[in-house]
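> Sharing a structure below in structure tokens format, with a few things to ask.
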Amino acid sequence: PLDIGSKGSCQIGGNVSTNAGGQYFFRFGGLHGTVMGLEVVLPDGRVMHLNMEMNDEQQQDEAITTPQLVQPCSSTSHRKDNTGYDLKHLFIGAEGTLGIVTKVA
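In the working numbering, the protein residues as written are 322 to 426.
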């Protein structure tokens with residue numbers, strides 16, 4: 322469980338970007354184990370959906386408005402998936418240097 326001392330002023334994207342853990346970090350670990358999926362905007366403007374499920378309307382909207390900016394990624398939200406690289410763990414704890422976290426599941 323995540324228990325942050327700055328609950329009233331922090332944002333979930335910032336907590337994920339810094340892999341915050343709060344006062345129970347040593348007992349339960351950081352956020353990387355509890356994050357199921359991310360939506361990240363890369364520096365060049367591309368949007369990556371990492372293990373996030375999108376409904377059909379969201380997929381059509383993004384394909385119509387910015388077809389060159391949508392990055393196809395895995396849409397499974399299974400807890401265990403050991404096929405290939407898990408890119409969401411690159412962004413957790415990167416402190417915004419690789420991309421900006423916009424949604425968290």
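Heads up, the beta-carbon is just placed ideally off N, CA and C, and yes, glycines get one too.
What's the C-alpha gap between F347 and S338?
For F347 and S338, the distance between alpha carbons rounds to 18 Å.
> With a cut-off of 8 Å on the beta carbons, I'd call V362 and G420 a contact; round off their distance for me.
Correct: roughly 6 Å between the Cβ atoms.
> Taking the alpha-carbon positions, what's the D407 to A426 distance?
Near 15 Å, if we compare the C-alpha coordinates of A426 and D407.
> Is it buried or exposed, N372, if we count other Cβ atoms within 10 angstroms and call 16 or more buried?
So N372 counts as buried.
> Just reading off the beta strand (DSSP E) that K424 is part of, what are its end residues?
Per DSSP, K424 belongs to the beta strand (DSSP E) from I421 to V425.
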